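Asker: The sequence shown begins at 4 in this note's numbering and counts up by one.
C-beta: ideal position from N, C-alpha, C; glycine also.
Because the structure is a prediction, the values reported are computed rather than measured.
Have a look at this one.
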Amino acid sequence: TLDHAGPWLTTVAASSSYAAENTLKLGNGVKLAGSSLAAKPVPSTSLVDAAASGLPDATDAKLCAPDSLDPTKVTGKIVVCLRGTYARTDKSLEVKRAGGIAMVLINPTPNSLDADAHEIPTIHLSDVDGPKVFDYLAAAGDKATASFILGNKVGVTPVPQIAGFSSRGPTEAANGDILKPDIAAPGVSVLAAVAPPTNHGRDYDFYSGTSMASPHIAGLAAFLQGKHPRW
Numbered sequence: 004t005l006d007h008a009g010p011w012l013t014t015v016a017a018s019s020s021y022a023a024e025n026t027l028k029l030g031n032g033v034k035l036a037g038s039s040l041a042a043k044p045v046p047s048t049s050l051v052d053a054a055a056s057g058l059p060d061a062t063d064a065k066l067c068a069p070d071s072l073d074p075t076k077v078t079g080k081i082v083v084c085l086r087g088t089y090a091r092t093d094k095s096l097e098v099k100r101a102g103g104i105a106m107v108l109i110n111p112t113p114n115s116l117d118a119d120a121h122e123i124p125t126i127h128l129s130d131v132d133g134p135k136v137f138d139y140l141a142a143a144g145d146k147a148t149a150s151f152i153l154g155n156k157v158g159v160t161p162v163p164q165i166a167g168f169s170s171r172g173p174t175e176a177a178n179g180d181i182l183k184p185d186i187a188a189p190g191v192s193v194l195a196a197v198a199p200p201t202n203h204g205r206d207y208d209f210y211s212g213t214s215m216a217s218p219h220i221a222g223l224a225a226f227l228q229g230k231h232p233r234w
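Now the structure itself:
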C-alpha cells in the first residue's frame, strides 16, 4: 500500500491538519458538512445534477468536464458534480462557464475531502453523504433546492486524520515486518507556492498529496541537520 519501504528511508503519510468546512442544506432540511473555503453563504437555490445538465454531445457531464455543461440547464443554479478524471478546480471553472453559481463536489468512492480555491463557492462531500444528495435530487426533481451555510453545522470533524489518498500501512512487501509509513505530516489542503501558468494565474494555491506531506519532514530533517551537523 505504499512506496519507499526500505528501513533507511523516511516514509511519510499525508494527514489533515485543520478542518475548513461549510454545510450544505438540502431543500428537505438535511444538513451535510464538507470541505470548503467558501467565504459567503449561498441562499436557497435550484439544485441540479450535472449528469442531467450536459450538452447533447457531452460524454463526461457528470464529471463536469470542460465544455460539457449546458448553460440553459445550469445558469443560476447549484450544480452537483462527481469527482474524478479532471482537476477538482477545473470542474468549478466549468460550472462557472456554464452560468452556475455554486458547486457540490461528491466523491464517488472513498477519498480525501479537499478545501480547494474554487472559482465559485464549493462544498466537497464524502462518498457516504453523496447518495443522500442524489436520493434527494431523485425525489424532488425540478423542485430540488439547496443552500450553503458557513461552518460545520453537523458535528465536529476530528483532526488530524490520515488522508483517504494516503498509504497508511503496514507494508507487506516481501513479507517484511517493518512498520511503514514512519510518520505523518500535513498533506491535505496545504497552502503552497505554485506555477501560475498551470494554476489559473495564481502564485499560491491549496494542494493535497503526500507530495505536500513529505516536504514538511524533509524540511525538519534539514533543520536538525543544520543544528546538529555531526548527527
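1) Just to confirm, does residue 130 get its C-beta within under 7 Å of one of the non-hydrogen atoms of the ligand ADP?
2) Does the Cβ of residue 113 have 16 or more other Cβ atoms within 10 Å, making it buried, or fewer, making it exposed?
3) Alpha carbon to alpha carbon, what distance is there between residue 184 and residue 16?
4) In this structure, does DSSP put residue 97 in helix, strand or coil?
5) For residue 144, which residues of its own chain have a beta-carbon under 8 Å away from its beta-carbon, when the five flanking residues on both sides are left out?
6) Relative to the C-alpha of residue 192, which residue among 210, 178, 199 and 180 is closest?
7) Grab the span of the beta strand (DSSP E) containing residue 207 for me, first residue to last.
8) I need the straight-line Cα distance from residue 46 to residue 171, nearest angstrom please.
9) At which residues does the alpha helix (DSSP H) containing residue 135 begin and terminate?
10) Of all the options 53, 63, 205 and 66, which has the alpha carbon lying nearest to the alpha carbon of residue 78?
11) Quick check: residue 207 and residue 195, are their CB atoms within less than 8 Å of each other?
12) Starting from residue 28, follow the alpha helix (DSSP H) in both directions and report where the run begins and ends.
13) Mind checking which residues open and close the beta strand (DSSP E) that includes residue 126?
14) Is residue 87 helix, strand or coil by DSSP?
15) Can you say whether residue 139 is buried or exposed, counting buried as having 16 or more other CB atoms within 10 angstroms of its CB?
16) Assuming residue 92 and residue 120 are in contact, meaning their beta carbons sit under 8 Å apart, how far apart are those beta carbons, in whole angstroms?
17) From residue 167 to residue 159, what does the alpha carbon distance come to, in whole angstroms?
18) In terms of residues, what are the limits of the beta strand (DSSP E) holding residue 34?
19) Quick one: what's got a C-beta closer than 7 Å to residue 56's C-beta in the same chain, skipping five residues either side?
20) Under a Cβ-count criterion, where at least 16 other Cβ atoms within 10 Å of its own Cβ denotes burial, should residue 94 be classed as buried or exposed?
21) Can you give me the C-alpha to C-alpha distance between residue 18 and residue 151, rounded to a whole angstrom?
Answerer: Here's the rundown:
1) Because no ligand of any kind appears in the structure shown, any question about the ligand ADP cannot be addressed here.
2) Per the 10 Å Cβ criterion, exposed.
3) 6 Å
4) helix
5) none
6) When C-alpha distances from residue 192 are compared across 210, 178, 199 and 180, the shortest belongs to 210.
7) Here the beta strand (DSSP E) through residue 207 covers 207-210.
8) 39 Å
9) 133-143
10) 53
11) yes
12) It is not in any alpha helix (DSSP H) - residue 28 instead sits in the beta strand (DSSP E) that spans 24-29.
13) 125-128
14) strand
15) buried
16) 7 Å
17) Approximately 18 Å between the Cα atoms of the pair.
18) Note, residue 34: beta strand (DSSP E), 34-38.
19) 64, 72, 73, 76, 77 and 82
20) buried
21) 26 Å
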